[in-house]
Amino acid sequence: MALTDTHCHLDASEFDADRDKIVERAIAAGVTRIVVPSISAENFSAVDATCARYPLCRPAYGLHPVYGERHRPEDLLRLRAAITVARPLALGEIGLDGWVRNVDFDVQTHYFIEQLKIARDFDLPVLLHARHANDEVMKQLRRFDIRSGIAHAFNGSMQQAELFIKQGFKLGFGGAFTYTRALNLRRLAKQLPLQAIVLETDAPDMSPAWAHGQRNSPEYLAQIVAAMAALREMDSDAIMTAAELNANAILGGQNER
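Numbering-wise, the numbering used here puts 67 at position 65 of the sequence shown, and it's gapless, one number per residue.
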């Protein structure tokens, strides 16, 4: 059974001490593909190196909104060049963040818009960061007619979810919904059409309830599947099958590299 972690920062320094073992445990847990998004032009090479070392890893290139103050105009040229040299599965992680206060929202918006233009030019799906900014992100997706991607770590309303789905997007769910207090997320994970859901860990961040306060890891993806199956009162295999079909619809099949 194929199982894709659609969002995992495996290149992060938190994995430097034991990355090989992490990948071994993820494979043993059934993970067959890991999408590794970048956060800035400075870590394109780290993402590339990670994906070169581990055959199950696939790159995504993008400039993360939280790091907007470190991005430079030439980074957009570097992004275009990286995509030209080696086409990634997606453009990401990109988007807007209404929670952080140390990054000007206009700066975030500028880089988001310019990257949506790149995604359109290269016909690439996008991996979206949309924390406290779902409406603003949707506004730009519609403006540039972007109709393929994943709303990573989705935590909006049911109405916002329906808009993303209508736009052609899948919604990423990971460890956050495993907390009993995450009432909105659990409602979404239970009630959204299964055809709209993909799975992710966002490791090393957003650890699930059973690893609270610890480093997150792609090896937990199968347990996330089990948690969603229990919430939806479904068989785990049915969740995995649907999630993989959904991931393939956005990112292509697992044999594409």
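Even glycine gets a Cβ: it sits at the ideal position worked out from N, Cα and C.
Would leucine 78 and tyrosine 113 qualify as a contact pair, given that the criterion is a beta-carbon distance under 9 Å?
Locating residue 78 in the sequence shown gives position 76, counting from the first residue. Locating residue 113 in the sequence shown gives position 111, counting from the first residue. Against a cut-off of 9 Å, the Cβ pair of tyrosine 113 and leucine 78 comes out as a contact.
What are the complete beta strand (DSSP E) segments, minimum 3 residues, inside the stretch 33 to 102?
35 to 39, 59 to 63, 92 to 99
On the DSSP letters alone, give me the boundaries of the beta strand (DSSP E) that alanine 2 sits inside.
There is no way to answer for residue 2, as the model of the chain reaches only from 3 to 259.
Along the chain, where does the alpha helix (DSSP H) containing histidine 112 start, and where does it finish?
Along the sequence shown, one-based indexing puts residue 112 at 110. Start and end: 107 to 124.
When the Cα atoms are used, what is the spatial distance from proline 127 to isoleucine 148?
Counted from its first residue, the sequence shown places residue 127 at position 125. Counted from its first residue, the sequence shown places residue 148 at position 146. Roughly 8 Å between the two C-alpha positions.
Using the Cβ count rule (16 or more neighbours within 10 Å means buried), how would you classify methionine 160?
Reading the sequence shown from its first residue, position 158 is the one you call residue 160. By the 10 Å Cβ count, methionine 160 comes out exposed.
Determine, using beta carbons only, whether proline 220 and valine 25 come nearer to each other than 9 Å.
Residue numbering aside, residue 220 sits at position 218 when the sequence shown is read from its first letter. Residue numbering aside, residue 25 sits at position 23 when the sequence shown is read from its first letter. It is a contact, given that the beta carbons lie within the stated cut-off.
Using C-beta distances below 7 Å, list every residue in its chain close to alanine 184, excluding the 5 sequence neighbours before and after it, in chain order.
Start at 1 with the first residue of the sequence shown, and residue 184 comes out as number 182. Ala178, listed in sequence order.
Give me the DSSP bridge partner(s) of threonine 6.
As a first step, residue 6 must be located in the sequence shown, where it is residue number 4. Note: threonine 6 sits in a beta bridge opposite Arg35.
For aspartate 13, does the count of other Cβ atoms within 10 angstroms reach 16, so buried, or fall short, so exposed?
For the purposes of this step, residue 13 is taken as residue 11 along the sequence shown, with counting starting at 1. By the 10 Å Cβ count, aspartate 13 comes out buried.
I need the DSSP call for phenylalanine 146, collapsed to helix, strand or coil.
Stepping through the sequence shown from its first residue, residue 146 is reached at position 144. Coil at phenylalanine 146, not helix or strand.
Reduced DSSP category for phenylalanine 156 - H, G, I as helix; E, B as strand; rest coil:
In the sequence shown, the residue the question calls residue 156 occupies position 154. Coil.
Would you mind stating whether threonine 203 and leucine 223 have Cβ atoms separated by less than 9 Å?
Working through the sequence shown from its first residue, we reach residue 203 at position 201. Working through the sequence shown from its first residue, we reach residue 223 at position 221. For the pair threonine 203 and leucine 223, the CB atoms are nearer than the 9 Å cut-off.
Would you list the one or two residues that DSSP bridges to alanine 132?
To locate residue 132, count along the sequence shown from 1; it is residue 130. In DSSP, alanine 132 forms a bridge with Leu98.
Does the contact criterion of 3 or more C-beta pairs under 8 Å hold for the stretch 82 to 101 versus the stretch 121 to 139?
yes
Among the candidates Ala48, Ile36, Ala251, whose CA atom is the shortest distance from the CA of glycine 151?
The residue you call residue 151 lines up with position 149 of the sequence shown. For glycine 151, the nearest C-alpha among the options comes from Ala251.
Close beta carbons around glycine 32, own chain, < 7 Å, minus the five adjacent residues each side
In the sequence shown, the residue the question calls residue 32 occupies position 30. Excluding residues within five positions, the ones whose Cβ falls inside 7 Å are Met3, Leu5, Ala224.
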